[in-house]
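Student: Just passing along the structure, written as structure tokens.
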Amino acid sequence: MKTLTLLRHAKSGWDDPALRDYDRSLNAKGKRAARMVGEHLRAQERTFDHVVASPALRVVETLEGVESGYGRTLGPVWDRRIYLASAVTLLDMVHEMPAATERLLLVGHNPGLEDLALWLVPKSDDPLRATLEAKYPTASVAELTFEGEWSALTPGSARLTRFTRPRDLDPSLGPDED
Numbered sequence: 223m224k225t226l227t228l229l230r231h232a233k234s235g236w237d238d239p240a241l242r243d244y245d246r247s248l249n250a251k252g253k254r255a256a257r258m259v260g261e262h263l264r265a266q267e268r269t270f271d272h273v274v275a276s277p278a279l280r281v282v283e284t285l286e287g288v289e290s291g292y293g294r295t296l297g298p299v300w301d302r303r304i305y306l307a308s309a310v311t312l313l314d315m316v317h318e319m320p321a322a323t324e325r326l327l328l329v330g331h332n333p334g335l336e337d338l339a340l341w342l343v344p345k346s347d348d349p350l351r352a353t354l355e356a357k358y359p360t361a362s363v364a365e366l367t368f369e370g371e372w373s374a375l376t377p378g379s380a381r382l383t384r385f386t387r388p389r390d391l392d393p394s395l396g397p398d399e400d
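Under the working numbering, the first residue of the sequence shown is numbered 223, with each subsequent residue one higher.
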């Protein structure tokens, strides 16, 4: 069974209107959430064979915070295609994963990550899917599992096994307008 984990970058700031979107950094809440998500992944004993991430500054800083809480380096492959990618582009990237990879962590942006998760997980009355469908906040982690090879992953063929929002770990980290 393969596991695809989708991590949306943590909360970033909009303080400098002259700054390119690509260069926005995390705000204080985002830094705290990223570290807490890392601690949660460590406590859940989550491991990853391969990590692919957007090189946008807010994703880089999110992974720094996650690694701090996780207690180990994740060693991401930085891939610019993830920056503001559509669900179709993200799925194409997942299809490229080596067959030996069992647990993939993809770190990027909305709406692509949310659209990908909702596309891969069939519609149902499952409360976990309903939570995901309602909102995919910053620093949230969705874990999907499926049988088969990465190249064969298709819409509706995955199962949502976990969806964790920062506010689930610490109520002071949500809700907000992200």
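Backbone N, C-alpha and C fix where the C-beta goes; we use that ideal spot for every residue, glycine too.
All of these numbers come straight from a predicted model, not from anything done at the bench.
Tell me which residues share the same chain as Leu-312 and place their Cβ nearer than 6 Å to its Cβ, disregarding the 5 neighbours each side in the sequence.
Tutor: Excluding sequence neighbours, Leu-312 sits near Gly-334 and Leu-338.
Student: Please classify Val-343: does DSSP put it in a helix, a strand, or coil?
Tutor: Of the three classes helix, strand and coil, the one that applies to Val-343 here is coil, per DSSP.
Student: Could you check if Met-223 is buried or exposed, using at least 16 other CB atoms within 10 Å of its CB as the buried criterion?
Tutor: Per the 10 Å Cβ criterion, exposed.
Student: Less than 8 Å separating the beta-carbons of His-317 and Ser-276?
Tutor: Result no, Cβ atoms of His-317 and Ser-276 do not sit closer than 8 Å.
Student: Does DSSP put Asp-400 in a helix, in a strand, or in coil?
Tutor: For Asp-400, the predicted structure reports a pLDDT of 46, less than 50, and the residue's modelled location is therefore unreliable. A value from the coordinates is still provided. Three-state result, Asp-400: coil.
Student: For Ser-362, count neighbouring C-beta atoms within 10 Å of its own C-beta (all shown protein chains included) and say buried if the count is 16 or more, exposed if not.
Tutor: The residue is buried, with at least 16 neighbouring Cβ atoms inside 10 Å.
Student: Is the separation between the beta-carbon of Leu-229 and that of Val-329 shorter than 8 Å?
Tutor: Contact: yes.
Student: In three-state DSSP terms, what is Ala-265?
Tutor: Here Ala-265 sits in helix by DSSP.
Student: With respect to the beta strand (DSSP E) encompassing Arg-303, which residues constitute its N-terminal and C-terminal limits?
Tutor: Arg-303 -> no beta strand (DSSP E), and no H or E assigned at all.
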